[in-house]
Structures are given as C-alpha cells and as structure tokens.
Amino acid sequence: PLRAETAEVHISKGYGILYLPMIVMEHEKLLEKQAKAAGLGDVKVGWLELDGGNVINDAMISGNLDIAAIGVPGFLTLWSKVKGNAKLEVSALAGLSATSLYLNTNNPAIKSLKDFGAKDKIALPGIKTSLSAVVLQMAVAKEFGDDNYAKLDPMTVGLPHPEAYTALVSGKTEVNSHLGSPPYSFMELENPQVHRVMNSVDVLGNISLDLVYAPKRFIDANPKLTAAFVAALDEADKLISEEPGRAAAIYVQSSKAKLSPDEVERMIKDPDTKFSTTPNGVMQFANFMGRVGTIKNKPATWQDLFIANVHSLPGS
Amino acid sequence: MTAQSVLVDRPEIIRDVSHSTVTAEIEKPLGVWERLYRVPLLRKGLILLVLAVIWEAYGRWLDNPLLFPPFSAMLDAFATDLGNGIIPARTLVSLQTLVIGYAMGIILAALLTTIAIGSQIGTDLLETMTSMLNPLPAIALLPLALIWFGLGSGSVIFVLVHSVLWAIALNTHAGFRSVSNTLRMVGRNYGLSGLGLVRHILIPAAFPSILTGLKVGWAFAWRTLIAAELVFGVSSGSGGLGWYIFENRNQLETANVFAGLFTVILIGLVVENGVFATIERRTIRRWGMQH
Amino acid sequence: MTAQSVLVDRPEIIRDVSHSTVTAEIEKPLGVWERLYRVPLLRKGLILLVLAVIWEAYGRWLDNPLLFPPFSAMLDAFATDLGNGIIPARTLVSLQTLVIGYAMGIILAALLTTIAIGSQIGTDLLETMTSMLNPLPAIALLPLALIWFGLGSGSVIFVLVHSVLWAIALNTHAGFRSVSNTLRMVGRNYGLSGLGLVRHILIPAAFPSILTGLKVGWAFAWRTLIAAELVFGVSSGSGGLGWYIFENRNQLETANVFAGLFTVILIGLVVENGVFATIERRTIRRWGMQH
Amino acid sequence: MNRTSPNVRAAYAGAPPDPTAAAVQASPLLEVSGVTLQYKTADHLVTATYRVDFQVFKSDRYVLLGPSGCGKSTLLKAIGGYLEPVEGAIRLNGHEVTRPGPDRMMVFQEFDQLLPWKSVRENVMFALTTSGRAKGAEAAERTDYYINKVGLAKFAHSFPHTLSGGMKQRVAIARGMAMEPDVLLMDEPYAALDALTRRRMQDELLRLWDDTKFTVLFVTHSIEEAIRVGTRILLLSPHPGQVKAELNSIPPEQLGTAAQAELEARINDMLFVH
Amino acid sequence: MNRTSPNVRAAYAGAPPDPTAAAVQASPLLEVSGVTLQYKTADHLVTATYRVDFQVFKSDRYVLLGPSGCGKSTLLKAIGGYLEPVEGAIRLNGHEVTRPGPDRMMVFQEFDQLLPWKSVRENVMFALTTSGRAKGAEAAERTDYYINKVGLAKFAHSFPHTLSGGMKQRVAIARGMAMEPDVLLMDEPYAALDALTRRRMQDELLRLWDDTKFTVLFVTHSIEEAIRVGTRILLLSPHPGQVKAELNSIPPEQLGTAAQAELEARINDMLFVH
Ligand SMILES: Nc1ncnc2c1ncn2[C@@H]1O[C@H](COP(=O)(O)OP(=O)(O)OP(=O)(O)O)[C@@H](O)[C@H]1O
Ligand SMILES: Nc1ncnc2c1ncn2[C@@H]1O[C@H](COP(=O)(O)OP(=O)(O)OP(=O)(O)O)[C@@H](O)[C@H]1O
Ligand SMILES: [Mg+2]
Ligand SMILES: [Mg+2]
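Protein chains in written order, with the numbering used here: chain S, 410 to 725; chain L, 4 to 294; chain U, 4 to 294; chain A, 19 to 292; chain F, 19 to 292.
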C-alpha cells in the first residue's frame, strides 16, 4: 500500500521515573502496535536517551528528533521562540507526568522559604531556567509576590540531582538544601539530618512537569502516527495505573536500575506522582513565565500549545 | 693521458679587494602583491574575512537562526551586548578565574617537571600521574572539588588546573628530555644542577615545546572554564562567559550564544597574535630555534 | 726562568697495545636495591601502590562512600562489573568511538600541518584556525554536529576530532618548525620536497613533539568522549563508559562511578606504558633524540 | 678499485676525449657571477659574500679557501640551491640554480647532518634510494663499498648519536661520494679527522676522481690540503667574502717538491698579509 | 698582554719557584689510572677507552692525539665528570672526580655548545657569572677581552645561529679561556678554523699560558699542532683507545728546527704504523 506517512520515527526520552510511560511504551512496543492498528504498517521506532532541555531542543530544531519528552518550561521557551516560523513551529502532543518536587534541607534553622539566608545554598539541576528553578521561582512568587520571584535565585546553585543528594546527605559541603525530584527527594528524607521545607504540590498543585512535543511539520505530515503516539501513551499510562507492579519491573529491567521493583512501585504509587496525557497546570507555567518576561509569546489557553487531538481533554 | 688532462687550462686571476662598496644594502625589488603578502596581519585578516563570509553564507543558506545564525546576526547580538557592557563584564569575570587557574597550572607543571627531571622516580611519578589523571573528565573531580573547595571559583580553578597542568607538564617534560646532551653538559660545567640547570638551561632550551604546551593549555583552560561555569553553578550575577552562553542557550537566544563564543574566539586571536606571537618572535625565532 | 721551567720533567713512555683483553664486558656490580630500582615497572608499581593506599586511607578517613568511596569499595564494584561483563562491554563501545575519532584527528592534523609547512598562508591558516577554534568548548560545535551528523556516534566523533585535532596539530607544527635547518637541507638535497620532505624528514625529526601531541590528544579524547556520550545521548543499550558513569551517578552508585573512572585510569596506564613507552623506546630513545 | 661508474669511465679513462667533448668542456659547468649573499636576521643584515665571480669546469677539483666567517659555507649553500643571491646569478650547465637537488650533493660542515633515526648504513642507502641515484642491490652494494672506504664497516648498524664527531663526518662523506653526483659540494669534510684518516680520505677522493672524473667543490682551511686535493684554488678575503685570487694548483706528481712549498708560501702570503 | 691573573703572576713570573712549590708539583694534578669507559646503547655495549693511564701535572699543556673514534672525547668527558668509568679512577688533586664543575672548563667538539638564547657576549659572560668565576665589571671586562682575542668583537651581539662554524668554535674558546679554570679541557677547538685564525688562536693560548700557567688538556688531530701547543703528548691507539705512548714535546725555541721534524716523524710512525 502507498504509505503517506514516515516509516521511521525518532523519539527521545529522559532519564528517571518521570519518563516511565515512554519507557513502558518502548518496552512493550506500544507505538508499533498502535501504528499498525492505524494502518501505517511496520513503523520503525528509534529510541534515544537525552539529558537536558537544551540538547533536546537543539536536536529537535536540527531535525534529528520527531518526538521528545521535555520539561514544561523548556518546551514553553521553544514554543514561544519559534511561534510564527512555519518551518520550526512545535506543538505539544500530550502531558507526560506530574510529581512533587521537595525542597529539602539539612539546616535545622530553616522551616520555610522565608528562613533562607545568604549563606544557604539550594541545589538545582540548572539555575534560573531549569524546570526546578522555575518551580522554585513560582513558589517564591506565591510566597513573596510576583516582583520577588527571583528572591532566592542568588542562593541557587547548579548541581545535578545525584550530586545534590550526595552533598545534602553527606553534609560536607556548602550545599545544604535541594529542590529535588523523586527518588532523590524521598531518599534524602530518609536521613535524620534532613527535613522538608516545601512540597511543590502543596504550593502549586499537582501540575504536569513534563510533556511530549513534536515539530508542527512532523505533526502535519504524520497525523495518523501522531494520533497513534498519543494512543500508545494513553495505553502506557493505563498499564502503569492498572499494573504498577509490572510497570515497576519494566522500569527496573530497562533502566538497569539497581532499585528493587518494590521501591519503584512505591514511587509509582505515590499520590503526587501522576502519569497522564492530560496536561495539568501547564498554563500556570506559561502565565508565570509570561509575567516575568522569560517568554515573549504567551499562549491564551493551553489548547494553543497542544495538538487538536487532546483539546477535548480536561487540561489546564 | 694523465689525470689532469681532462681539466680546462685557464690563467690565474688575482684581484684587489675593495672594501668600500660593501656596506650598501641590497634589496631585491618585490611586487606589490608580494609585499602585501608579506604582512602577516593582512594575510591573517584575509583568512578571517573568508571564514566570516563562509559563516554568513552557510548561516543564510541554512536559514535556521535558532540553531546556527548567520555571522551578521551574531555580530548584531555581539555589538548590543558589548555596548551595554554585559559581555565585557562577563569576560572580565571569566578572565580572572582563567588567569588564576592557568597560572597555577603553570606553576604546578613547573614543579612537577622539575621533580621529574631530577630523578628517575620523579620521571616515573610524572609519567604515571599524567597517564592516569589526564584522561579523567572534570566530573571525576567534582566530589573532591566540592569537599576541598566548595562551590564557586575555588572549584572552577581546581578543574582548570587539572585541564591545564598535564598538557603543559607533558610538553615541558618532553622538551626537557629533548635538550641536547651538549647543552646539558655545558650547563653542568658552569656548576649548575637541579633548579639552576632547569632555569638557566632546560627551560630556554626547551622553550619551543613549553610554548606549545602553554598554547594547548590556554585553549583547554577556556574550554574547561566554559563547561565548568555551568557545572559548578555560579550564583546569580557572578557568572562569566560560560554562564552567559548557558543562559542564552536556555533561552534559545542562539545569536547571543554565538556572540559569547565569538568573544572566546576574539580573545583567542588576540592572545595568539598578541601574546604568543610576540613571545615567539622575541625568543625562539630570534634565537634561531624555530624556522 | 723560561716558560717551560714550571713543568715537571718526566720520562717518555712507550707501550705495547694489547688488543686481546679488550673484548671483556665490564659491569659495575650493583646493590640489590639499585638493581630493583632500575626496573621501571617496579618503580611505577610502587608509585601506584602508594597512590592506592592514599586513596584508601583518605576514603576511609572521609567516611563518606557516597561522595568518595575508599579504594577497596571501588575495587569491589570494579571486580563485580568486570566479572559480569558490563565494564568490558561499555569499554569496548567507548574504545571504538574513541579510536575512530582519534585516528581521524591524527589524519586531519597531518593534513593541516602539511599544508601549513608548505606555505606562509598555510601556516597562517593553521595558526588562525587553532587560536580561534581550539578554545571553543564542545557545545559550540553542538549545532553543527547536530546538523551534519545528527545524534549518536557521528557527532561524538566530530566532537572528539575537535578535541584531538588542535593539540596534535599544534605540537606537530611546532615540532616541524624546530627541525634543524641542516636536516631540512639534507632532505631537500635528496630531491625531497612537499609531502616527501614531511614524511621522510620532518615527521621523524619532529617525532618527540608529535608523540607529545599524541599523548595530550589521547587524554583529551577520553575526557571529551565521556562528556560527549552524555550530551549526544545513547540509543538504548548502546552506551559506553561515559554513559555507564552517568547511569551509576544517577543511581548514586558512587563506587561504580569510580570504577568507571578507574577503567579510564587503567586504560591510560596501559596505553602509556604499553603503547607510548614502547614507541618511545623503539624510536626517539633509540635514535638518541630524547634522554 | 672495484667500483666505477661505467659510462664515465668509457668517456674518460678509455678513449681520448673527442673534439665535441672538449668543446663542451670549454663552457663552464658552474658559473657564479657577481653573487652577493646576505642573511636577514631579526636585528640586522649580514652580507656574507660580496660580488663573487668564478667558474667551475667539468671535472675540476675546485677548492674554496678563506678565513673563518668569510662566507664559504654560505656560498656552497647558494650553489646547493638553498639560498637565493640578492645580486648576481649562479648557473649550472647554463640553467640558473633555483632549488636543491641530488645532482649537487652536499657534505655539510655540521655534525648533525645525518638522519638520527637511521643507522649509518641506512643513512647512506636512504640517500641513494630516495634521490633515485641507485636502487635495490646496486644501492646496497654501493653503500657497503663506501662505508668500508671510510672505515666504518664495523659501525654500519650504529645510530649516528653513538658515533664520534669524526665518525659522523665520515658517514656524511661516504654518503656524498656514494651519490656520485655531477657536482660534489664538500664543506670542510675532513676538519674533524685525524691526520691519518684525513690522508686516507684525501687519497680516496683522488682515487675516485681518477675513476669517474666528477666535479667537486671543496671548502678547506688547510693550505696543504687545498694544494693536495684541488686543481684550482679560490682565495676569499675576510668577511664579507670577496674573490682575492684564483690559482692553479700543482699536478700530483709535483706534490712534495719545491713547487708545493712555493705555492704554499704564495697562498700564505696572500691570505695572511692583506 | 694586558690581562693576567695577578696571584699566579706573582708565583711564577716574578720570583723563582721556591722548594715547597716544587714539592707540590711533584704530585700530579690529574691522575687517570686504569680507566675503561663504555657506552651502553639500546643495541650493544661500546668500549670507548680501555685501561688508560696517565698523569697530568700542574701547568702541563697535555695533548691527546689519536685516530678518529679512539675515545678522546669520551676521555675528556670522563675527566669533565660527565661519565663514570666502569673501571679505574680519575683523581683531581687527589679527589675522585664525581661531577662536572667550573674548575674543569670544557670546550666541546660540537658546534651546538653555545646557548642559542644568548648572544656571543652573553654566552661568555653568563659562564663567568653563573659559575661564580667573575662578576660585575670584572666579568664584563674579561668577556670583552677574550671576545676581542678571538676576533669576534664585531659579532659580540650576534646570536649563535647567525655565526659560521668556525666563529661558533671561537666563541666557545673565548668562553673557555675567560673562565680561567684550573684545568682547561679542549676538544679539537681549532678544527674548524682556517690556518691563519688557527695559528692566532694557538699563539693566544700560549701567551695566556705564559701569564697564568694554567693546565690544559688538548685534543687535536694535527701532529704539528700537538707539538706546537703541547708540552706532553699522549698517543692513543685506535678504537678502543689504549695508551700507546706518552712523549715530551719540544720547547718553543726549537719549533721550526730539525727537532720538530724529527718528533713529527716519530709520532707519524707510531700512529700510522701499528
Ligand atoms: N644563518 C645565518 N644568519 C645570519 N648570518 C649568518 C648565518 N650563517 C652565517 N652567517 C654569517 O655569514 C657570514 C659567513 O658565514 P659562513 O658560514 O658562510 O662562513 P664560513 O666561511 O663557512 O666560515 P667557517 O670557516 O668558520 O665555517 C658570517 O659572518 C656569519 O656570521
Ligand atoms: N653517546 C655514545 N653512545 C655510544 N657510543 C658512543 C657515544 N659516543 C661515542 N661513542 C663511541 O665511543 C667511541 C669513542 O668516541 P669518541 O667520541 O670518544 O671518539 P673521539 O676520539 O673523540 O673521535 P673523533 O676524533 O672522531 O671525535 C666511538 O667508537 C664511538 O662510536
Ligand atoms: Mg663554514
Ligand atoms: Mg671527538
């Protein structure tokens, strides 16, 4: 049969539990299945692991990726930047995951955001612009008002999560706080010296932190494949919620993590951790970034960011 | 026939030697092109121009300013951030760290190679350390850096030293070992040994190698600095060029990213043609050690 | 008194020269220690032992295996992942990419320096390119790498070449320029020029410099490879040592992170003492070009 | 003598020279006319030789004699094609010299003219094979022959850095001779040799010349050597070198006679009293 | 002569030698006993000299004469303290030689013995100041004096690479002499010099000796030079070097007489017929 759509698709996922739906999708070959069901024949799926929003965006702009998972702020930056450029425009396909970020510290004097002094150092994977940094800024804005959203920025320090965890737990360095994601945030709290100052879910709600996006050109040229992808993602999410044990096993197997499936299952079942194609609270990010000027083009509604397939979902 | 018979017979010639005319300086006349070609800055300027044109043309053809802006777009961004003082301020921060790290790397390399040249076990130590530590990426140093120097410039300098030290030490040591035995003996004849020999004989004699080491070290210091500024998290406001590049990259201000890189390139050109070329001209060229 | 009078008078001596006894080889007897000290591997082994002991002691004193595990803990992890084949497999992947990138860097450096040594404008080109591009960090190449080679090993190799090329080219070129005029003239006397001169005269004569360049390049190739493997991602299951380190870091398996780095160290030692030392012994040492 | 270049031997050692050959000889092989040579250093300009004229004919054993620093080596390098005159011209067989080549084989004054990465034997052999002067078995044979002639057979497999100064120079001499070039340019080749070895080398050179009648330009410091080795002697003035005189040497038969002493005295006078 | 070392002049040129001084002279300044020197190369072991014995007394002008490659340079290097004998011992003033030092100043055979990064003048001056042999104004004065003596005043500010071979050697000679060492070790210092310059340098050496009565060990290839310059001549056999004879030279008055010719013939015989 004459095939109008591409026979090969390149997808990038990230590292860690937040990308579980994609890991499941890869492992269970769900996209291949959905594509076949949609009459696209045998689609070859190339999976890649990329770390960091910049690299993902660069790879996307250079045409090396068709679909990628990324943090919401990273996507918003690119979306706003390329809006109006038909060649480069991107759209989100679906939400991916939501979880809680904990602000932990080993400084007993710190009880709330107000207690941070100049000497305290908060570790983030990347200061000012990373997902964690934006979440912190949003929390700070809630606490101190929009104008002071950057109040804690001078105390932030760029460190990858594992290093931040090590620094916090060992207590041998100046880094005494960390806005971390699971599993690091959970593991930190196992240490008696460390306590939690803030949970992002309490401040911002259980908003989506990651989503999946693709270039407009790809979406326009491959509507069926795009739909198949969303369907596959849905199926993966379903598998995770219905069979968390199996999902955990898949995770352990494919990421070669030295965690036990039980530990992973506990993380999956954490009430703050949600895997859903329905975007939740993306507009919170967009509004905030628009207000403080990080993005020039602000979407009016969340639907502006997403493909039509998901417009009917109860997103925000 | 005798052996001499194949020779041509000719009269003897005896001349009066005039010494008066000899002082005249004779220059071969050169064409305009040849004369222009002899000006190094002109030649290099031409190369730069060609490279800029290629950049511009490729950038336009690619038509993807988010990924690779044309030269002119970069120049715009560069001019803006030069004018408003951002680039100069960031450059200054980077240069400060860089110079400290570079200088410390040189001092440590001098120390290590001096020890190495003094004894067999010293040589082994240098060789072993170099072959072990030189291939290690900066992340290997991260834990130790955090413990010993904490965040900020201390750690960045530590990482810088790591990237500079081994290259310079390797070059210097190889240079020392290539110094001719005669020169070495001359130095020892003067009663020099140990440090004195290193300072008065080995360093100048190995200067071409040392300079190469310094050049390589300089370049790697830049590379490392820019990468390290990201890793070691600069607290806001205090960032250098690396941070400038990173920030703009996060915001997809690609033209500014390239403006930052362009600054690095400019500094590289200035240092090469200003500092290193001058040193070369005044030393190894003048001494006939490099042709 | 005459000038000669300060001299001591003594009889003339005339001897029969015996040639028979001369063949005997005379060796000065050496003490046991001295003899042991003369075995390079023993000396280096001792150094390694001392370093391992320091590592172990510091690790234990620090008592923070998450940040910096003691040597023994690392060795455990290393043995495990060596036994189950993970480290060998990852090393192989890395080595493949590394060798390709390294080889291409060498070839390009050879090309560039050959052009450079041929003409003034070639020298300018090399100098300009080196001073401009060498300080640029890998991220500067990222956009071009993505456009030209996409994700995966093509781009990694591109970045590797960038990290290897300039250091080797700089060293080679400096080596070429330090070749004595006499040797150069001898080569041209044989009718050699251009490539022939480079191959038959300049390369062997500049071999100490070239070897240094190769050593520095090798080390930087490793550093870059490990960093680049993270940036350019891996298709599932195909990661190299860099990815191994990254993975284990994410899983807070610090001992394994260090086991990965230890692998890099081991390879460095093997390459230095196996490959480079052999080359040195067979070439520049044998030729009396390095002492 | 068991080695000669057969075609040359046919022309010279066999039949008497025919008129054409004589006519060819009448035009010089090498013509140096009004040659000024200068070095540009960072600090100043050094004139090494000033308007030097001379002509070397085929089969000449032409000696350059002059005080230290008068520009003999420089002149030889210019003839070798390594240096361009700022004034005047150097012509070989009527063609201006523009580049070095194996037709003008040079024995340099410096001790570092051997390739350190090649053994004695390889050094000689490599010169022959790369320049295309000889190859395969012939090159090997020639190499061994000349290494033997300079008394280094025992050291054929030694590397240059393990040789004494005089031994290095002998390797260079062997190399130069093995090349059997049209013009052999020798810059104080025997300076580092002891009296005995030097005499042997001189004899070797003359014997070789008898066989192949090659042309040689020879720089020396010894007046005695100049007379022994040379057929024609160019005297240069001190720095910057200018031609002072061009003399004929004496035929070998007259060596050791009053003619030699007289010529020696003449040259001595010309060089020492100026 | 306007430069002498005043204390030495007082001892020798002024009063006649007193008995104590004579007694001191009776024990050798330098004693080489049973010295075997070897080089270990990657491929094999080379014996340079074999069980060489000789004694040099204070104020000797001691000449080493021998064929190329017989180990003269090696012997000098061992005396200089650069090489350890595998057999035998070298004693200076009764103490075994273990390291180099400015008391034994060496003029090497190689052309690359000048520091390329120092001008001619700096090369000489640096030797004086670093070794502590002279400093300040005295060093400068001495430097200029000896540079003038070797005829290089015009080139005092040139860098070594712009000098001819002979000029480089002359700088090394000037440096060696300026150091006014206890023992001057000279390895074929005049080999690269033309007859005139060579003669001038020889005279200079003798004149200086008249003033300061220093001890010199001199390697040469020229029998004539050995007789002119030396008071005592050591003949070495070919490779590996062994002592063949130790002869007295003739006093300067007898130079040019039959005595010189006779000695020359004797040495010739000993060296050439073996
Ligand atoms: N590379 C150079 N750069 C500048 N000047 C030079 C260079 N080589 C030689 N000269 C100068 O040129 C002049 C002639 O040198 P040249 O080597 O030709 O002398 P020479 O006659 O061979 O002397 P010698 O007998 O001592 O070897 C000298 O004054 C010397 O200083
Ligand atoms: N560095 C070295 N390594 C190995 N062998 C060497 C070395 N230097 C010299 N030799 C060998 O030692 C022997 C003596 O060399 P030396 O240089 O002492 O000779 P020489 O008497 O000075 O000769 P010449 O008159 O030619 O300078 C030679 O056979 C030579 O091959
Ligand atoms: Mg010369
Ligand atoms: Mg010698």
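Note that the Cβ used here is the ideal one computed from N, Cα and C, for glycine as well.
Keep in mind that this is a model prediction, so the values were computed, not measured.
Residue i Cβ short of 8 Å to ligand 4 heavy atom set
i	result
Gly184(A)	yes
Lys262(A)	no
Lys47(U)	no
Ser176(A)	no
Lys90(F)	yes
Gln131(F)	no
Listed by chain order, chain U residues near residue i by CB distance under 9 Å
i	result
Ala263(F)	Glu15, Ile16, Ile17 and Arg18
Gly98(A)	Met188, Arg191 and Asn192
Contacts of residue i in chain U (Cβ-Cβ under 7 Å)
i	result
Val219(L)	Ala170, Leu173 and Val219
Gln260(F)	Val20
Asn266(F)	Glu15
Near ligand 3: residue i beta-carbon under 8 Å from a heavy atom
i	result
Val237(A)	yes
Glu206(A)	yes
Ser6(A)	The question about residue 6(A) has no answer here: the residues shown for chain A are numbered 19 through 292.
Gln127(A)	yes
C-beta neighbour in chain B for residue i, strict 9 Å
i	result
Arg252(L)	The chain labelled as chain B is not found among the protein chains of the depicted structure, namely S, L, U, A and F.
Check: residue i C-beta below 8 Å from any heavy atom of ligand 1
i	result
Ser86(A)	yes
Asp228(A)	no
Phe232(F)	no
Tyr4(A)	Residue 4(A) is absent from the structure shown; chain A starts at 19 and stops at 292.
Proximity test, residue i beta-carbon vs ligand 2 heavy atom, cut-off 8 Å
i	result
Thr180(A)	yes
Leu289(F)	no
Thr185(L)	no
Val182(L)	no
Cross-chain neighbours of residue i in chain S, by beta carbon under 7 Å
i	result
Asn67(U)	Ser579 and Lys581
Chain L contact residues for residue i, given Cβ-Cβ distances below 8 Å
i	result
Thr813(S)	The structure shown does not extend to residue 813(S), since chain S is modelled only from 410 through 725, so no value can be given for it.
Beta-carbon neighbours of residue i, restricted to chain U and to distances below 8 Å
i	result
Lys665(S)	Glu250
Partners in chain F for residue i, counting only beta-carbon separations shorter than 8 Å
i	result
Gly291(L)	Pro134, Phe177, Pro178, His179 and Thr180
In the region 55-98 of chain A, which residue ranges form an unbroken beta strand (DSSP E) of at least 3 residues, counting only runs that do not cross its ends?
63-74 and 79-83
Three or more C-beta pairs below 8 Å linking the region 241-248 of chain F and the region 268-288 of chain F:
Taking a contact to require three or more Cβ pairs closer than 8 Å, the region 241-248 of chain F and the region 268-288 of chain F qualify as touching.
The region 151-170 of chain A contacting the region 186-193 of chain A, beta-carbon criterion three pairs below 8 Å:
yes
Segment contact, 8 Å Cβ cut-off, at least three pairs: the region 613-620 of chain S with the region 685-702 of chain S:
With the cut-off at 8 Å, the region 613-620 of chain S and the region 685-702 of chain S touch.
Quick one, which residues of the region 219-247 of chain F are near chain U if we go by CB-CB under 7 Å, in chain order?
Asp228 and Lys231
Can we say the region 122-129 of chain F touches the region 196-211 of chain F, given the rule of at least three CB pairs closer than 8 Å?
yes
Can you pull out the residues from the region 181-197 of chain U whose beta carbon lies closer than 8 Å to at least one beta carbon of chain F?
none
Against chain L, which members of the region 558-592 of chain S pass a CB distance test of less than 8 Å?
Ala559, Asp562, Pro563, Met564, Thr565, Val566, Gly567, Leu568, Glu572, Thr575, Ala576, Lys581, Thr582, Glu583 and Val584
Any contact of the region 45-55 of chain F with the region 102-122 of chain F, i.e. 3+ C-beta pairs under 8 Å?
yes
Pick out the complete alpha helix (DSSP H) segments inside the region 125-156 of chain L, 4 residues or longer, and give them in chain order.
Qualifying alpha helix (DSSP H) stretches, in chain order: 141-152.
Within 9 Å of chain A by C-beta, residues of the region 65-90 of chain F in sequence order
Listed in sequence order: Ala66, Leu83, Gly84, Pro85, Ser86, Gly87, Cys88, Gly89 and Lys90.
Any residues in the region 123-147 of chain F with a beta carbon nearer than 9 Å to a beta carbon of chain A? Which ones, in chain order?
Gln127, Glu128, Phe129 and Asp130
Is there contact here, the region 92-107 of chain U with the region 150-170 of chain U, by at least three beta-carbon pairs under 8 Å?
yes
Is the region 252-271 of chain L in contact with the region 114-132 of chain L, if contact means three or more CB pairs nearer than 8 Å?
Segments in contact, no.
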